[in-house]
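Peer 1: Okay, handing you the structure first.
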Amino acid sequence: MKSLILRSLSRLASDYGMVAVLALLCVYYSWVTCEQQTPVGKAAAEQAAEQVEKLCGARPTVLILSRGTREDQEFAESLASLLAKQGAGVAGTVKEGPADARRQLEALNASGSKLDAIVGDRDAIAWPVFENLRQRFPALGTVQTIAPHSYWWPNFLKTDNLLNVANQITVIAVIAIGMTMVIITAGIDLSVGSLIALSAVVAAALIRGWAGGEHAGTWGMLVCSIGGMALCTLVGVFSGAMITLFGIPPFIVTLAMMLVASGMAYIISEGQSIYQVPDSYVWLGRGSDLLGIPNGVVLMFTLYAIAHLVMTRMSFGRYVYAVGGNAEAARLSGVPVQRVIVIVYAISGALAGLGGIIMASQLKSGSPTYGAMYELYVIAAVVVGGTSLSGGEGKVLATLIGAFIIAVIQNGMNLTGVESYTQKVVLGVVILGAVFLDMLKKRGWVTRLVSRKAIQRPVG
Amino acid sequence: MVDRTPLLEMRGIHKRFPGVKALDNVDLELHAGEVLALLGENGAGKSTLIKVLGGAHQPDAGTIRIEGQALVMRNPQDARRAGVGLMYQEFNLVPSLTVRENIFLGQEQTRLGFLRHRDEHRLAAELLARLSMPLNPELRCGSLSVGQQQAVEIAKALSQRMKILVMDEPSAALTPQEVERLFVIIRDLKSRGIGVIYISHRLDEIFEIADRVMVMRDGALVGSRPLSAVTRNELIEMMVGRSVQQEFPKQPAAIGEDRLVVSGLTRGRRVRGVSFSVRRGEVLGLAGLVGAGRTETARLIFGADRLEAGTVVLDGKPLRIRCPRDAIRAGICLLTEDRKSQGLVLGRSVQENFALPNLARFSRLGCIHQRREADVFAEYVRNLRIKISGAEQRVRDLSGGNQQKIVLAKWLERHADILIFDEPTRGLDVGAKYEIYLLMNDLARQGKGILMISSDLPEILGMSDRILVMHEGRVAGEIRDVAGATQQRVLELAVGGAK
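Here it is as structure tokens:
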């Protein structure tokens with residue numbers, strides 16, 4: 012049992028060596044973005060309520076400080092209700108800064124009522140108005156100032172940020188599934204970036220013109236989105252047909268389709284963004300129904316699971332690898348090579364279309380400018396994942412890792428305040444470095460270097 | 018002859034790879050003007066020894082002396098500088114460059130950085146004339162025949178003033194005439210004092226061209242003999258380490274009715290109206306020179322190329338074959354002559370290669386039943402004695418014999434009615450060949466029809482029940498009485514000559 016675990020672990024490491032890189036990156040960014048965190052909102056309220064209960068005895072009276080932000084309001088409201096539950100009284104909520112606080116304190120002092128605690132965030136309880144309360148407002152009795160404890164935690168590892176990373180990568184990662192398959196067949200699909208725009212524009216235009224614009228129903232939106240994806244699938248089928256029937260190199264065919272699709276997106280949208288979609292259209296891009304995980308991210312993971320099974324457990328997956336490894340040998344073994352290639356480009360097109368729908372949903376509009384340069388990020392994700400551009404090798408799940416590596420680096424640089432021009436440089440270097448490392452590993456240079464040192468002896 | 022310093026002397030060469038002792042205390046001696054044949058089964062250590070000599074591998078221990086001088090060869094450049102030229106089966110020629118450009122690649126004749134085309138042209142023509150291969154140096158190498166390319170490769174080595182020339186299976190892809198021409202060249206090299214190391218599995222050739230033979234087995238030297246003092250059977254015994262009764266264990270099976278009948282197969286100039294039939298239990302040998310249209314005929318039957326005219330009938334049923342998939346479904350399979358480029362997906366695992374044409378049997382609704390796949394494969398590994406480290410091993414890392422067995426296994430599992438073997442034993446050692454022959458006997462006994470294409474005349478004569486000879490795209494003749502036939506007779510038909 013133990014050896015089984017060890018063996019599968021070492022296999023995981025060799026098959027998905029990039030996992031280690033990803034883990035290192037996460038550790039690094041966690042380290043450098045570690046900061047003192049102050050809880051806000053509900054979490055802060057819960058903590059403050061606990062402290063009030065502990066420090067102020069039974070039935071205390073509390074003054075709540077809030078500065079009018081959304082989080083502060085949430086804090087004040089939930090604290091008030093929590094305190095009410097504990098049997099504490101809320102003397103008032105300060106909403107307009109120190110002057111308001113002074114007014115309320117004076118009013119309380121004048122009415123002769125007791126006050127046990129003032130609760131607010133760290134900055135608020137440090138207002139000068141709360142100094143020397145005993146002398147200035149003797150009627151209030153002993154007043155404690157209470158703020159939720161701060162703690163150390165990396166900005167990188169905050170739930171919101173992690174969800175952000177996943178959200179940012181969704182479109183690229185979804186398309187990278189198809190791209191991985193295409194690249195395993197020793198092809199390339201440059202049209203996916205433009206297909207994002209085409210699909211987004213077609214879906215949005217259909218919603219505007221056919222499904223009733225802002226008042227479109229769920230089914231209408233679904234049909235329109237599938238329409239956008241269907242068109243992209245057709246573009247993929249067309250590319251695949253040109254490649255198999257006429258032997259035109261995939262690079263050329265998909266380069267042409269990249270221009271065609273982008274042009275079509277501009278023509279259909281007349282160069283404008285299309286905003287006439289219902290509010291509910293953002294369900295896929297911004298909604299989160301399952302344990303707070305965004306729907307797009309759930310969809311992404313689901314698609315990866317399916318793709319992994321297809322590539323490892325189904326005949327079709329075997330055929331994809333065989334076609335990329337040696338198309339002639341595959342053909343002579345009875346593999347329907349042409350069909351496999353067409354299907355692979357169709358999948359790539361369909362997933363690019365889906366990427367366009369997700370982006371349209373995230374941004375609640377369809378625009379022909381979507382997806383520019385995305386084909387390169389998608390290819391980068393695949394390549395960083397260790398898939399060889401010469402075909403026959405690669406893993407879908409490794410592509411997911413590759414996509415996350417890119418997303419984590421981008422996010423980390425944003426968090427650490429690296430400016431966007433520098434980010435591009437770093438990203439380029441990282442892509443090259445990742446592929447270089449992978450190459451070293453595959454050629455066994457690392458082991459050879461070590462073993463050569465060990466056995467080198469003078470000859471002659 | 019006495020106490021002459023050898024041209025090349027390798028002493029006590031040791032080389033270990035992780036888990037394998039590839040070379041164990043191997044000595045090699047080569048004199049100027051000598052042809053040394055290096056013989057051994059696949060995996061005996063010949064290629065490793067050659068790679069050590071060529072600087073591609075570093076020996077763990079041992080010395081290499083050339084003309085008495087100890088040398089350390091850290092890389093192929095060192096070896097080339099020391100005068101060691103290696104010729105691999107895969108030529109190191111750039112097909113898109115001309116003969117002249119290839120000969121001078123890396124040592125261009127220049128003045129002030131400009132190429133001196135005329136000088137190069139003259140030198141190249143001289144070199145080729147010396148090799149009695151009067152080629153136009155301005156032809157592109159891609160357009161040359163295999164034999165011509167080989168001559169270019171030798172010319173290149175000569176231009177670099179090589180003292181030692183290593184030829185790895187130089188005759189594997191040559192026609193008998195081309196082999197003859199190669200031998201003329203080698204004799205010429207000998208007379209110039211160049212030492213030649215000649216690696217081949219073809220004993221006939223070794224007896225014809227070599228002065229001395231060195232046999233290796235399991236990484237060690239078995240012995241080194243002058244060819245005048247050794248017999249064919251002794252050599253085979255030295256190679257396999259046991260006595261071998263016969264090279265061709267042919268056991269005729271009961272021959273029945275026609276199974277595969279093809280008539281009028283035509284495609285371009287390569288195949289012109291070929292008709293024949295293969296009967297139940299029969300091994301039909303298809304002989305001919307390279308380029309006679311044998312492989313092309315097989316590809317037409319298999320649907321690898323589109324038929325222009327002709328019909329294929331299997332067991333009385335006319336077939337409509339438009340692609341290999343159709344042929345495989347109908348029960349015909351083709352073991353291609355070129356395993357590496359056509360038979361196998363080298364970068365994938367042995368099991369995946371095995372399963373490729375059989376996935377439909379192992380899967381339901383497109384999902385592969387992995388346990389069944391693994392079980393069936395394991396059975397073949399056992400029965401065919403395929404040496405692999407595991408089902409996940411890449412085919413690329415197997416020896417030629419084991420690669421061929423993987424190809425065999427994948428087609429055997431199809432349980433096809435007609436098997437077309439195209440050069441089934443090319444590049445295989447004696448032991449592996451023997452096993453393939455036994456398997457063919459077995460298949461014939463099961464009532465299958467076998468079409469065997471081979472350029473190895475002893476093999477054709479030794480294993481066929483009937484022989485067809487092709488010449489320039491046509492069937493030039495048929496030999497029914499195989500036992501009474503001679504190589505001479507087959508060759509006569511193959512060159513389209515006397516009846």
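For the record, the sequence lines run as chains A and B. Position one of the first sequence corresponds to residue 12 (our numbering), numbered consecutively onward. Position one of the second sequence corresponds to residue 18 (our numbering), numbered consecutively onward. We treat Cβ as the ideally placed atom computed from N, Cα and C, and that holds for glycine.
(1) For chain B, check one thing: does any of its Cβ atoms lie closer than 8 Å to the Cβ of A/M325?
(2) Taking only beta-carbon positions, decide if A/A340 is within less than 8 Å of chain B.
(3) Flag B/I467 as yes if its beta-carbon sits less than 8 Å from any beta-carbon of chain A, otherwise no.
(4) Helix, strand or coil: how does DSSP classify B/R528 here?
(5) Span of the beta strand (DSSP E) holding A/E46?
(6) Would you list, in chain order, the members of the stretch 330–361 of chain B that have their beta-carbon closer than 7 Å to a beta-carbon of chain A?
(7) B/I214 by DSSP, collapsed to three states: which one?
(8) What would DSSP say about A/S300, mapped onto helix, strand or coil?
(9) Assign B/T65 to one of three DSSP states: helix, strand, or coil.
(10) If you follow the alpha helix (DSSP H) that B/Q421 is part of, which residue opens it and which one closes it?
(11) Run through DSSP, which three-state label would B/P374 get?
(12) Does any residue of chain B bring its CB to less than 8 Å from the CB of A/G377?
(13) Assuming B/L363 and B/R413 form a contact by the criterion Cβ under 8 Å, report the distance between their Cβ atoms to the nearest whole angstrom.
(14) From A/S462 to B/F34, what distance separates their C-alpha atoms?
(15) What number of angstroms, rounded off, separates the C-alpha of A/F86 from the C-alpha of A/K106?
(16) Taking the C-alpha atoms as reference points, what is the distance between B/T328 and B/I338?
(17) Give the DSSP bridge partners of A/S249, in chain order.
(18) Shortest alpha-carbon distance to A/R219 belongs to which of A/G251, A/M232, A/S210 and A/A34?
(19) Residues of chain A with CB closer than 8 Å to the CB of B/E369, please, in chain order.
(20) Determine whether the Cβ of A/G239 lies closer than 8 Å to any Cβ atom of chain B.
(21) Along chain A, in chain order, which residues have C-beta atoms closer than 7 Å to that of B/S380?
(22) Which whole-angstrom value describes the C-beta separation of B/S176 and B/L144, a residue pair presumed to lie in contact below a C-beta threshold of 8 Å?
(23) Can you tell me whether DSSP reads B/Q177 as helix, strand or coil?
(24) Taking the CB atoms as reference points, tell me whether B/L122 and B/L114 lie closer together than 8 Å.
(25) Is it buried or exposed for B/G258, if we count other Cβ within 10 angstroms and need 16 for buried?
(26) Kindly confirm or deny that the stretch 213–220 of chain B and the stretch 178–189 of chain B touch, where touching means at least three C-beta pairs closer than 8 Å.
(27) Less than 6 Å between C-beta atoms, sequence neighbours within five positions excluded: which residues of the same chain meet that for A/Y40?
(28) Cβ of B/R365 less than 8 Å from any chain A Cβ?
(29) I want to verify the contact list: residues of chain A whose CB lies under 7 Å from the CB of B/P374, in sequence order.
(30) What are the partner residues of B/Q86, as DSSP defines its beta bridges?
(31) Are there 16 or more other CB atoms within 10 angstroms of the CB of B/K353, so buried, or fewer, so exposed?
(32) Which word fits B/V111, buried or exposed, when buried means at least 16 other C-beta atoms lie within 10 angstroms of its C-beta?
(33) Check for me: the beta strand (DSSP E) holding B/L508 runs from which residue to which?
(34) Alpha carbon to alpha carbon, how far is B/M179 from B/A168? Give it in angstroms, no decimals.
(35) Below 8 Å between beta carbons is the criterion; list the residues of the stretch 398–418 of chain A that meet it against any residue of chain B, in chain order.
(36) Whole angstroms are fine: how far does the CA of A/G360 sit from the CA of A/V246?
Peer 2: With the given structure in hand:
(1) Numbered from its first residue, the first sequence carries residue 325 of chain A at position 314. Yes, contact with chain B.
(2) Against the first sequence, residue 340 of chain A aligns to sequence position 329. With 8 Å as the cut-off, A/A340 counts as an interface residue toward chain B.
(3) Residue numbering aside, residue 467 of chain B sits at position 450 when the second sequence is read from its first letter. Answer no: the Cβ-Cβ gap between B/I467 and chain A never drops below 8 Å.
(4) A question about residue 528 of chain B goes unanswered here, because the residues of chain B that appear run from 18 up to 516.
(5) The residue given as residue 46 of chain A occupies position 35 in the first sequence. Element bounds for A/E46: C45 to Q48.
(6) P341, R342, I345, L351, T353, S358, Q359, G360 and L361
(7) Mapped onto the second sequence, residue 214 of chain B falls at position 197. Note: B/I214 maps to strand in three-state DSSP.
(8) Along the first sequence, read from residue 1 onward, the residue named residue 300 of chain A stands at position 289. Position check: residue 300 of chain A holds Asp in this sequence, whereas Ser was assumed. In the structure shown, A/D300 sits in coil (DSSP, three-state: anything other than H, G, I, E or B).
(9) As a first step, residue 65 of chain B must be located in the second sequence, where it is residue number 48. If DSSP states are grouped into helix, strand and coil, B/T65 belongs with the helices.
(10) Residue numbering aside, residue 421 of chain B sits at position 404 when the second sequence is read from its first letter. First-last of the alpha helix (DSSP H) with B/Q421: G417 to L429.
(11) The residue labelled residue 374 of chain B in the question sits at position 357 within the second sequence. It is helical.
(12) For the purposes of this step, residue 377 of chain A is taken as residue 366 along the first sequence, with counting starting at 1. Output row for A/G377: interface = no.
(13) In the second sequence, the residue the question calls residue 363 of chain B occupies position 346. In the second sequence, the residue the question calls residue 413 of chain B occupies position 396. B/L363 to B/R413, Cβ: 4 Å. Contact.
(14) Numbered from 1 along the first sequence, position 451 holds the residue referred to as residue 462 of chain A. Numbered from 1 along the second sequence, position 17 holds the residue referred to as residue 34 of chain B. At A/S462 the pLDDT is 48, less than 50, meaning the model places this residue with poor confidence; the figure from the coordinates comes in the next sentence. Spanning the two alpha carbons is a distance of roughly 10 Å.
(15) As a first step, residue 86 of chain A must be located in the first sequence, where it is residue number 75. As a first step, residue 106 of chain A must be located in the first sequence, where it is residue number 95. Straight-line Cα distance between these residues: approximately 12 Å.
(16) The residue given as residue 328 of chain B occupies position 311 in the second sequence. The residue given as residue 338 of chain B occupies position 321 in the second sequence. The alpha-carbon atoms of B/T328 and B/I338 are separated by roughly 9 Å.
(17) As a position in the first sequence, residue 249 of chain A is number 238, starting the count at 1. Note that residue 249 of chain A is Phe in the sequence shown, not Ser. Answer is none; A/F249 lacks a bridge partner.
(18) Taking the first sequence and counting its residues from 1, the one referred to as residue 219 of chain A is at position 208. Nearest of A/G251, A/M232, A/S210 and A/A34 to A/R219, Cα basis: A/M232.
(19) Here residue 369 of chain B corresponds to residue number 352 of the second sequence, with the count starting at 1. Within chain A, the residues near B/E369 are R329, Y332 and A333.
(20) As a position in the first sequence, residue 239 of chain A is number 228, starting the count at 1. No, A/G239 does not count as interfacial toward chain B.
(21) Counted from its first residue, the second sequence places residue 380 of chain B at position 363. What B/S380 touches in chain A: S326.
(22) As a working mapping, residue 176 of chain B is identified with position 159 in the second sequence. As a working mapping, residue 144 of chain B is identified with position 127 in the second sequence. That belief holds up - the Cβ atoms of B/S176 and B/L144 are roughly 6 Å apart, short of 8 Å.
(23) Position 160 of the second sequence, counting from 1, holds the residue named residue 177 of chain B. DSSP places B/Q177 in the coil class of the three-state scheme, outside both helix and strand.
(24) In the second sequence, counting from the first residue as 1, residue 122 of chain B sits at position 105. In the second sequence, counting from the first residue as 1, residue 114 of chain B sits at position 97. For B/L122 and B/L114, yes; Cβs fall inside 8 Å.
(25) Position 241 of the second sequence, counted from the first residue, corresponds to residue 258 of chain B. Counting Cβ neighbours within 10 Å, B/G258 comes out exposed, since fewer than 16 surround it.
(26) These segments touch.
(27) The residue given as residue 40 of chain A occupies position 29 in the first sequence. So the qualifying residues of the chain are F167 and G423.
(28) Sequence index remark: in the second sequence, residue 365 of chain B carries index 348 (1-based). By this cut-off, B/R365 is an interface position.
(29) Position 357 of the second sequence holds residue 374 of chain B. The answer, in chain order, is S344 and G345.
(30) Here residue 86 of chain B is taken as the residue at index 69 of the second sequence, counted from 1. B/I83, per the DSSP bridge assignment.
(31) On the second sequence, position 336 is the one that residue 353 of chain B refers to. The amino acid at residue 353 of chain B is misidentified as Lys; the sequence shows Thr. It is buried - the Cβ of B/T353 has at least 16 other Cβ atoms within 10 Å.
(32) Counting from one through the second sequence, the residue named residue 111 of chain B turns up at place 94. With fewer than 16 other Cβ atoms within 10 Å, it is exposed.
(33) Taking the first residue of the second sequence as 1, we reach residue 508 of chain B at position 491. Where B/L508 is concerned, there is no enclosing beta strand (DSSP E), although the alpha helix (DSSP H) it sits in stretches over Q504 to A511.
(34) Along the second sequence, read from residue 1 onward, the residue named residue 168 of chain B stands at position 151. Along the second sequence, read from residue 1 onward, the residue named residue 179 of chain B stands at position 162. Computed Cα separation, rounded: 15 Å.
(35) G403 and E404
(36) On the first sequence, position 235 is the one that residue 246 of chain A refers to. On the first sequence, position 349 is the one that residue 360 of chain A refers to. Their Cα atoms are separated by approximately 7 Å.
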